[in-house]
Amino acid sequence: MPRSLRSAVVLLVLVVATWLPLAHAGTGSTLDKVIERGRLVLGTSGNMPSMSFFDANGKVTGFDIDLARLMANVMDVKLEIRVMPFDQLLGALEQGDVDVVISNMTITPRRNLRVAFVGPYLTSGKCIVTKDAALAEGDNGGDLNNEQTRLAVLAGSTSEDFARELLPNASLVQVQDYVEAAKLVSEDQASGMLTDYPICMATLKANQDAGFVSVFSLLTYEPIGIALPANDAQFINFTENMLERLDKTNAFEELSKRWFGQIRLKKD
-19 MPRSLRSAVV LLVLVVATWL PLAHAGTGST LDKVIERGRL VLGTSGNMPS
31 MSFFDANGKV TGFDIDLARL MANVMDVKLE IRVMPFDQLL GALEQGDVDV
81 VISNMTITPR RNLRVAFVGP YLTSGKCIVT KDAALAEGDN GGDLNNEQTR
131 LAVLAGSTSE DFARELLPNA SLVQVQDYVE AAKLVSEDQA SGMLTDYPIC
181 MATLKANQDA GFVSVFSLLT YEPIGIALPA NDAQFINFTE NMLERLDKTN
231 AFEELSKRWF GQIRLKKD
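My numbering puts the sequence shown at residues -19 to 248.
Below is the structure:
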């Protein structure tokens, strides 16, 4: 762990030391279960560089993983990571298979009907990665909404929802991860990949010789949040307070510098 991130963790633990014991005095909330078993079970997709992805050694890493690890440190428990397809994450949370979902997940009203959200801890938006400079420079849906546009989108994502609702004339190709999407674009089997701002940045960085271009026009507003079990007021309150302390101790800034360089962070 980098020294700056380690310092942020130490500072965070010191800040919350006075209220952490309260988590043990719950009334059957998820927090009680987590602390009793000594593990926080995270659900994540592992296919969204630089948020949640597998590194060269096969280890799940990224901004979201570091955030979950900070969360586990505050609880004084270990972090257990369960990787699954993005469109199965909320179901796993509803069934109790995971305690929390942190996976570059946009807070939407439809998802919020199923689970609770805390955040946003990041704000993002849609952008296109393509080899067609003219397509990349499109700043509104009309530039993309035609039969000649073939877009790769992650199955079950807001990018897919966005394209289906606002780009009905474009052809969509569902993918399970962004490595597959980038390959389709590189091999000219897709006009471009529609995704979130952090993923665009990571894709361009990982494919510097592919001829990819993108203009980060932020076609939509994407509030990224932490998904929690519904009707668990204590866990929701705990997570809200944790995010507030992360923000005030500049831990978000440390994570941002490590994974993105610069990105718009949640600020009051």
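By construction, the Cβ of each residue, glycine as well, lies at the ideal position given by its N, Cα and C atoms.
Annotation: residue 142 is outside any beta strand (DSSP E); the continuous alpha helix (DSSP H) that includes it extends over 138 to 146.
DSSP assignment within the stretch 71 to 129 yields the following whole alpha helix (DSSP H) runs of 4 residues or more, N-terminal first: 89 to 92, 113 to 116.
Beta-bridge partners assigned by DSSP to residue 60: 21.
Counting along the chain, residue 218 sits inside the alpha helix (DSSP H) bounded by residues 213 to 228. Distance from residue 142 to residue 165 at the Cβ level is roughly 18 Å; contact not present, criterion being Cβ atoms closer than 8 Å. About 6 Å separates the beta carbons of residue 20 and residue 55, which is inside the 8 Å limit, making them a contact pair. The beta-carbon separation of residue 59 and residue 214, rounded to 20 Å, does not stay under the 8 Å limit for a contact. The C-beta separation of residue 25 from residue 83 comes to about 5 Å, placing the pair in contact by the 8 Å criterion.
Taking the Cα positions, residue 189 is about 20 Å away from residue 177.
DSSP, read as helix, strand or coil, puts residue 200 in coil. DSSP places residue 31 in the coil class of the three-state scheme, outside both helix and strand.
DSSP lists 109, 132 as the beta-bridge partner residues of residue 173. The shortest C-alpha to C-alpha distance from residue 70 to any of 134, 184, 96 is the one to 96. Annotation for residue 57: 14, 15, 18, 19, 20 place their beta carbon closer than 7 Å to its own, counting only its chain and skipping 5 residues before and after. Rounded to whole angstroms, the Cβ separation of residue 132 and residue 114 is 18 Å, and the two are not in contact under 8 Å. Under DSSP, residue 41 takes part in a beta bridge, and its partners are 33.
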